[in-house]
Structure formats: structure tokens, C-alpha cells
Amino acid sequence: MGVEEGAGVDKKITIGVCVMEKKVKCGPEVFSAPMGQIMDRIHAFGEFEIIHFGDKVILEDPVESWPICDCLIAFYSSGYPLEKVQAYSSLRKPFLVNELDPQYLLHDRRKVYEHLEMYGIPVPRYACVNRKVPDEDLDYFVEEEDFVEVKGERFWKPFVEKPVNGDDHSIMIYYPSSAGGGMKELFRKVGNRSSEFHPDVRRVRREGSYIYEEFMPTGGTDVKVYTVGPEYAHAEARKSPVVDGVVMRNPDGKEVRYPVLLTPAEKQMAREVCIAFRQAVCGFDLLRSEGSSYVCDVNGWSFVKNSYKYYDDAACVLRKMFLDAKAPHLSSTIPPILPWKINEPVQSNEGLTRQGSGIIGTFGQSEELRCVIAVVRHGDRTPKQKVKLKVTEEKLLNLMLKYNGGKPRAETKLKSAVQLQDLLDATRMLIPRTRSGESDSDAEDLEHADKLRQVKAVLEEGGHFSGIYRKVQLKPLKWVNVPRSDGEGEEERPVEALMVLKYGGVLTHAGRKQAEELGRYFRNNMYPGEGTGLLRLHSTYRHDLKIYSSDEGRVQMSAAAFAKGLLDLEGQLTPILVSLVSKDSSMLDGLDNASSEMEAAKAQLNEIITAGSKMVQDYVSSELPWMTDGAGLPPHADEHLPELVKLAKKVTEQVRLLAQDEHENLAEPSAYDVVPPYDQAKALGKSNIDVGRIAAGLPCGSEGFLLMFARWRKLERDLYNERRDRFDITQIPDVYDSCKYDLLHNSHLDLKGLDELFKVAQLLADGVIPNEYGINPQQKLKIGSKIARRLLGKILIDLRNTREEAMSVAELKNSQDQVSVSLYSSRKEDRYSQPKLFVKSDELRRPSTGENKEEDDDKETKYRLDPKYANVMTPERHVRTRLYFTSESHIHSLMNVLRYCNLDESLQGEESLVCQSALDRLCKTKELDYMSYVVLRLFENTEISLDDPKRFRIELTFSRGADLSPLEKKDEEAESLLREHTLPIMGPERLQEVGSCLTLETMEKMIRPFAMPAEDFPPPSTPAGFSGYFSKSAAVLERLVKLWPFHKNTSNGKS
């Protein structure tokens, strides 16, 4: 709503921009980016008139003749008459975005550090050397070869030397003699350089006053934080100038930076910097070192460069600030479509994600979203592969001993680039030069040679090594006693070993795209009330996010790509993965706990398939089809097996012919050339189809025809043993997997019979795969609870923590209501007068507090934002998000426990957590495909008593993930999907009846028997940046929050 229309106000709010022209470039373009970008957006709201003062007015005209404005943007730069602007402020009393008095502090690094310490904000260990005249000798300052000592405090090299003058950017780092000595000078970017090394400079400067501080190892990265008011902080990481002084720039010539997520402790630091210096718009530098974070510089007024999303965010925050100060009766709610985006083409929110029956975002008026928990399967991947061969070659046996510490009976795992390169070198030398099929070789030797070629091809695939995607096990099988090398006695030596090479299962370009789009869908649909999502969740103080992944590379990269879409991040996945995703293999990996039960289920499944027709009759007659053993299998399933083998042979033969030329080339000398150097970034960064390979008629990705043939030949052989006339039904999912992959990614190869093979494989796999996790609900429940036990326990901890935090905040809010009212009424003097944005520093001197020694049985304490330090005046908007990325087994297991938990003896008579119609839909849902997910959202009804179980409601939804059905239509959409090698993701579907209420109490009672108890979870390790956070004084932080006036009139949680 504009101020002029319907508000009863006949004039716009005036914003004065009283800054030097070099900062805003006065002229036809009015403002330069980023200041101009933000001011243009504020102007577009239609509620404000912006007045630019200009240098002539600022420098020459008396303040009495300066334009009168309601709000003032004023900040110091070189030549700026700060005292004069203070006189204007005293005369006109405008609302100040950044207060003027504290800006003097920013010119003296000593005062900056003192102020930071006064507010309890961590700074590096430092000491000041103050000189009245150049080269003054000071009795408290001592310099030796490898350290300086200031008033008895010693700083060993490397240490940092900073001029006390904040406008002097010549900062030195001195290095120890043991590292060669010398000094590096840091300075403001000049061209492509930001530092220079001087090897002969070893003594410190003496011509002025300096701060000496401990050098903090940061891993070559600096973090710059930008606040816009105390509730918003944007952080970016950049290459530190201390590394080599070369500024990393992108193709457009701009310095490479990427947004990073601040920890709760760092968010609190950002809030406190903003408040301590009374600068709403403020930039500061953060050092992350050895698990802690430190502020090393405060810059005052600073905006992010080259980020349109940040410009949108900043404009919306500043607009709210201005309206709260000068028109508090007007709504500061962000409009659904931002004014400057009205004429932009509307982008479809759907993308790859379809809408489902979940009706995301529909909830009661008095309900607030408190928690989002999602368990997500990884995205589209290449087929998982395994090569097994017995090796007797001495080179390979020696390699095993080299990496297992010389233990003859110990197995070895090779994953690193160096280890895999060693294996590749050995394998190249062992492959025979003769062609397969020559008469002097027997079948066993030929097969062994073929497998060595396959190992070599896998290791050479893509021209790089990554232990994430390829690993080799060498297990000794036979030993002999040989004389010891020193001649004293004998020792064991292996003479035969089993080599197992696992490869494939790599997240494809399509998988990355699916994960990123699903993250974007979550951002736009899972958080009701977020509007346009401009105040990005990762930038606010009210969102507590954690992302967990299993150890598998495809799962980790799916998590990173999802995070990129969810948080609207930019750039490569690797820094996102490192910054945001935590690995927890014990919770999200492995089937070991249920391996024997799954083997038994597969054996029973084999019997059911053999019995075929009998089982189907039971299935058809049952009112609850999912209760039948082997539910989902087609009638006469055994009759489809010969057809499956026949079609698999047909496809394999075609791939063999395609591989023949590539196979021929393996005997050429070029096959022994050195592979390109290891490049993990290339391995993880691919997000687009290799158009050149497709046009050349080669398989998609880095798989060559030789490996494609090996994949199909192994499937064909394992599926059916001709000598024993026996089918192996456990191979059906792998056949289906390969069919689906080639149908989507290699349709350009026109493999005849692949379509028919896919249909038969899908028919069988739709029955086999769900039944591998139990052939009836009781078995599914038992196996599911064993596989997902730890995950279920963690989910219950998440829900419990959220409830306790919400109740704590509700109690805290109730006790503060009276205080808030009195604070607000005391400020209702003149709505056009200067509000008291900041308080004097002596009012807020932090009392000395000791460490809080209270024991907390909450194992997640260190992982969550304490409600006492949350945004107390808008507690309704605080949301916890926990994302768990895993594999198909955990999705099936979780779903089976959710729908069948009521069958447990301890819960007899209870209704299922999943309604009847959803049970029927799930029975018809044959596959939980790539990017399938289960979502639990916890809502709090704030109008219901804290004692009422209905105060906390759980909503369950699921998606079956990637949808193959569009490919069957052979229409324009199918052609488009095939061109992109990508499938759409089905939207969420409800697991409960509309209007039903599943309470958190009921959910806990039904799940607890199958979950790991909270007390069995080990205490979490402290992540980077959290150390010391929870020792802060709650009372002081609450005072800071309450005294900050941006929160007035926000008890409805709509800030």
C-alpha cells in the first residue's frame, strides 16, 4: 500500500541521501550500484520521495538551508563534514538509519576493538603500541627475531600489524625465520593484486601507532558480513589476500565470492555489531579459525555488490525501517509481487516439480509453522556397478601389502587419488597385449583379461579420480610361508586375493537439476507466510537449518544441490557441500542391521514368484490388498522371466557391437598413455549434458561403450544361469535400473528392444523392490525399524526440541507482554521524532558471567538456537528445518514404519498414522524413485492451552519422486524431457485425511517403539563457530532485543 492511497496521509515520506557524490555518482543516472539499485527499489514502492543532497549542499550551504527530510542516510567518507551533518540532525531530528556519533569510533581500530570487547564480541588476541611521535622508543615494546612483546604479552610470528588509523589499509603480516622470514603487505585491491610479499623485510614499523594481533589460520578464506538492521545479515566468503595476493575474478572481471551460512553464534555477533555501533547498515570482517569466529574489522556503511537478491532484501528491510519510524500505522507487509518485478515475465514455480494433493500451505489462522523435517532420496544417478576377480599377480599383491601396513591377512581399501593411480599403473602393465579370442588362451584367462581391461577402463573413466565414486577392496584369500628377508625364520605372504571394484552410482547432471529444483520448490511452498521469500531463510535469525547426508557421493551432492535451490545460493556445489552438509553414515547409510531379515524376505519372495497364480488369487480377493504376502507382484510373474532374459540378451548384443571398435583400440599403444591429472572439481561440478558426446553417438556421461557392454553382459549373466537353468530374481531391480538409465540418457543410441525390456523389467521390479523390505506388513515393519531406527530416533529428538523451544518461547513471551506494552507506550511521543534506535553504551555494559554449568539432557543443545537468544519479539516466526538425504532403503523403511507401526503388539487397537485412502495409494505406488521424499511439518496452534495435546499438530506428506509416465506419451513434453535427460518430480501427497489432527503426542507414542532412545545418541561434536556461544548472558541479550524498536507492533508474528 502506498502512503498516498487510502492512508489518510497527503504526502510521501522523504528520505534524504546526505553522502558524498563519489559514493552515489550524482548525474543523469542519479545513483550507482549497489546504492542506486537499492534506492531505485525503495522508490518503486511509491511511498517515498528520495532527495539527494549533493556535494555543493553538503560542503558549502549552511545546514539551515538543507532540504528537510523525515529519514536520513548519512555516512562518513573521505572529506565528509561529519560535524556539520550532526548539526543538521540536531536541528531537524530526522530518523537516522546509521547514527552519527559512533561513526567517529570507526576511524580508530583501537576504539573498534575496545567497543567490540565491551559488548562481548570475540576479537583476535591483540595489543596496542601507541606512539606520540614517529620512531618513539617505548619501554613496554620489545622486538626479537621471531616475536614482539607488548607490555609483557608475547606475539610469536606469524603475527599481524595494523595501523591504528582505520582509514590506513596498509596491513603487514610477519613470518617466522623457520619459514624463511619476510613480510606480506595487504592493501586495497589494485588491479588483480591485494597483497605483496617482501622477503627481506623482517623488522616491524616504528613510524606510528600499531595494533599487533595473533595471526588466525582461516584456511585461505575470509568472510564478509553485511547487516541491514539487526535482524538481517548476508555473508560472503572470498579468497583471503594472505594466500598469494592474486584476486580471484570471474569471467566478468568481478571478485569471486560466494554466499555462506552464518552459524547461530555468528548471527548473534552480527546483531550485536549492528547494535553496539548503532549502525543499521554495517559491514564487518569475520575470521573463522579452529572452531571459533572472531570480528577483526568493522567498516560501517557497506552494501553487497552484484547481488540482485540482496538488493531486493535490503530494500524491503529498509522500507520496513522507514515505515516503522515514520508511519507505524501503515502495514509494512511485503506485497506478493514486488513493484519493480511487476513487468517481469512470470516464471513458472512448477519447474520439474508437479503439484500434488498435499495442499502445502493450508493451515489454521492461529497456527504457526514450527518445524520442517524432510527425508529425501538422492537424485538421478548412473547404475551402480561391481567387478569381482581373483588376482595372483605379484604387482597387485604387493600393492595390497603397501597400503595395509604389510599385514598378510588384512584387507585393503583403495580410495585416494594416489592409491587409485598406483592400481591403474599396475593394471596397465598386467593387461595382455594379445587380443581376446586367440586360440592359445583358455576361457578363464580370457575372462580374467577382460575384467582387468574393465578395471583399467573404470579407473581411466573421466580422466580423474574421486574416492567418492570409485573404491577398490583387496581381500587376501591364500597364503604361503616364505623365508624372511633377514634370513631368520619364515613369514606369511599372500599368493591370491579377491579384488572388488565398486563404481558408478554417480549423480548425473539430471540428478543435480532435480535436487536444485526440488529445493526451490520447498523454499516456495513448504514455508507458509514467507511471501516472496525475499528475506532468505538462511539470512534471518529465526531459521535454524541443518542438513545431513549419508556417506555416498551421490547423496552428498544431492544434498548440496538441494541446499542451493532452497537457500537461493549461487555458484558451485563443492563450497556449499563443505559449508552446509554434515555426513552421518551411522544414521543414513547401510543395511547391516537388517541383512539377515532381508535375505529371508528375498528367499520367500522367490518362492512366491515361482508359485505365481496362487498368490494373485489371494491378492485379488483381499479387501486390504497391502496385507497380502508379496503384494504388488504381477499375475504369473514367473512367466515373464524368460522374456526378460531374451530381451536382455538382445540389448546386450547390440551394445557389444557398439563396443567392438572401442575394444579394438585397447590393444593400441595409446591405451598406455598417461591419464589427465586428477580433478575432483570437474568430477563434482558437471551439471549439463555433454552435447558433443551425444552428437558423436557416444553414451551419455563418462561411460564408454566398453563399460556399457560390461554392465549389460554382467546383468545378462547374473540374471539367468543357463547351466543350472535358474533365474536370480535379485537381479531384477538392477536390470530395471539399467533400462531406466539408458532409456533416459542413451535414447539416442536407438537400442532395439530396450522399450520392451523396460516394460517387462518395470512390471517385475514394481513387485520385487517393495517386497525386498518385507513380503508383508509385519515383516516390513520389522525390517524398516531396524534400518531406520537411528533416523527415527533423531526425528523424535527434532520434534521434542522444537516443542520444548516453542513452549519456552511462549512462556517467555507471555511474561514479557506487559514490559513490551510499557516500552512501546513510552516511545509514543511524536511519530515524526527521532526514535531511540540505540542505547548508550554504558547502559549495556555486559556483566561478567561464568559458563552455564547446568546439565541439559537435550543432546542437540549445541545444534540449535536457544530461545532466549532467538528473535524474542517475533517468536512465532522461528522455524527449525532438518533435512536428511539418504538412499532408497531408508525411504522405504521410514514409510513402512509410518504406515504399519500400529501393527506392533504394543500398539494393538491404535489406528495407523496413515489414513485408509493413503494406504491404498501407497499400495498402488510401486516405486519410490529418485528424489522421493517424506515430509513432517509441525504446527503450533498458539490459541490453544500449552497443556492441550492439540496445540502441536503433525502433517505428513510424501512424494514418489521422479515420474516416468510422461515418457510414455511420446508427445512434445516427452521429447523435451528426453532432450534434457530429466524426469519431473511428483508433488507431495497427503498421508492423512483433510481436517484430521495428528497430535505430536500421538506421533511420539506410535514411533517411539521403533526409534533409538535419545539417551543412546552420543553427544554431538561442536561445529565450527559454536564454541562459547551458549555461555553468553541471556539477560543482556534480552535487554538488547527489547530495546531495539524495529519489533514494535509485531506480536502477531508478521514482521
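Numbering (the numbering used here), first residue to last: 5 to 1059.
We treat Cβ as the ideally placed atom computed from N, Cα and C, and that holds for glycine.
Treat the numbers as computed from the prediction; the structure is a model and nothing was measured.
Mind checking who residue i pairs with in its DSSP beta bridge?
i, result
"His547", "Val883"
"Glu495", "Val486"
"Arg385", "Leu511"
"Asp503", "For the sequence presented, residue 503 should be read as Met rather than Asp. BP columns for Met503 point to Leu393, Leu478."
"Gly304", "Gly287"
"Ser296", "Ser293"
"Pro167", "Tyr214"
"Thr929", "Looking at the DSSP assignment, Thr929 forms no beta bridge with any residue, so it has no partner."
"His752", "Paired residue(s): none; His752 is not in a bridge."
"Ala237", "Thr231"
"His704", "The question names His, yet the displayed sequence has Cys at residue 704. Its beta-bridge partners do not exist; DSSP assigns none."
"Arg730", "Asn725"
"Phe962", "Val938, Glu993"
Going by Cα to Cα distance, which pick from the options is closest to residue i?
i, options, result
"Asn134", "Val146, Ser213, His119, Ala765", "Ser213"
"Lys330", "Leu100, Ala792, Leu142", "Leu100"
"Phe762", "Glu808, Glu809, Glu647", "Glu647"
"Pro138", "Leu76, Arg210, Val168", "Arg210"
"Ala1015", "Val655, Ala765, Ile799", "Ile799"
"Leu637", "Met602, Glu776, Glu760, Met561", "Glu776"
"Gly304", "Ile55, Ile693, Phe1021, Arg113", "Arg113"
"Leu120", "Lys324, Arg282, Glu68", "Arg282"
"Leu981", "Ser921, Tyr179, Asn750", "Asn750"
"Val168", "Leu110, Ser181, Asp952", "Leu110"
"Lys388", "Tyr525, Thr512, Leu803, Lys790", "Thr512"
"Thr656", "Cys278, Lys228, Val476, Leu753", "Leu753"
"Val585", "Glu601, Lys188, Ala605, Gln560", "Gln560"
"Leu334", "Phe326, Met1010, Ile341", "Phe326"
"Tyr937", "Leu950, Gln920, Ser897", "Ser897"
"Glu1005", "Leu418, Thr806, Trp70, Ala501", "Thr806"
"Ala1060", "Lys930, Glu451, Arg721", "It is not possible to answer for residue 1060, since the shown part of the chain is limited to 5 through 1059."
"Arg793", "Asn906, Asn597, Leu393", "Asn597"
"Met24", "Arg45, Glu64, Lys15", "Glu64"
"Leu481", "Thr416, Val321, Ala48", "Thr416"
"Leu502", "Lys479, Tyr130, Gly491, Glu947", "Lys479"
"Lys324", "Ser336, Val232, Glu200, Asp316", "Ser336"
"Asp59", "Met43, Arg45, Ser82, Asp74", "Ser82"
How would you write the range of the beta strand (DSSP E) that residue i sits in, first residue to last?
i, result
"Ile377", "371-381"
"Asn775", "Counting along the chain, Asn775 falls outside any beta strand (DSSP E), though it belongs to the alpha helix (DSSP H) covering 758-775."
"Tyr937", "937-945"
"Leu86", "Counting along the chain, Leu86 falls outside any beta strand (DSSP E), though it belongs to the alpha helix (DSSP H) covering 86-96."
"Thr18", "17-22"
"Val585", "585-587"
"Lys417", "416-418"
"Ala78", "75-78"
Less than 8 Å between the CB atoms is what I'm expecting for residue i and residue j, so what's the real figure, rounded?
i, j, result
"Phe962", "Pro992", "7 Å"
"Arg270", "Ser293", "According to the sequence displayed, residue 270 carries Glu and not Arg. In fact, because the Cβ distance is near 13 Å, the residues do not count as touching under 8 Å."
"Asp488", "Glu496", "The sequence given here places Arg at residue 488; Asp does not occur at that position. Incorrect: roughly 10 Å between the Cβ atoms, too far for contact."
"Val277", "Glu240", "Contact doesn't hold; Cβ gap of about 16 Å is too wide."
"Gln458", "Val391", "5 Å"
"Arg207", "Arg884", "No, Arg207 and Arg884 are not in contact; Cβ-Cβ is about 54 Å, not under 8 Å."
"Ala641", "Gly771", "7 Å"
"Gly515", "Arg717", "Rounded, the Cβ-Cβ distance is 26 Å, inconsistent with contact."
"Lys606", "Glu500", "Not a contact, Cβ separation roughly 30 Å."
"Pro781", "Leu907", "6 Å"
Along the chain, where does the alpha helix (DSSP H) that runs through residue i open and close?
i, result
"Ala700", "Segment: none, Ala700 is in no alpha helix (DSSP H) and carries neither H nor E."
"Arg527", "513-529"
"Asp44", "39-48"
"Ala904", "In the sequence on display, residue 904 carries Tyr and not Ala. Tyr904 -> alpha helix (DSSP H) spans 892-904."
"His173", "Here His173 belongs to no alpha helix (DSSP H), and DSSP marks it neither H nor E."
"Cys278", "268-280"
Within 7 Å: the Cβ of residue i and any heavy atom of the ligand FMN?
i, result
"Arg135", "As presented, the structure is devoid of all ligands, the ligand FMN included, so that no description of it is given."
Unbroken stretches of the alpha helix (DSSP H), 4 residues or longer, contained in the segment 94-163
Whole alpha helix (DSSP H) segments, 4+ residues: 113-122.
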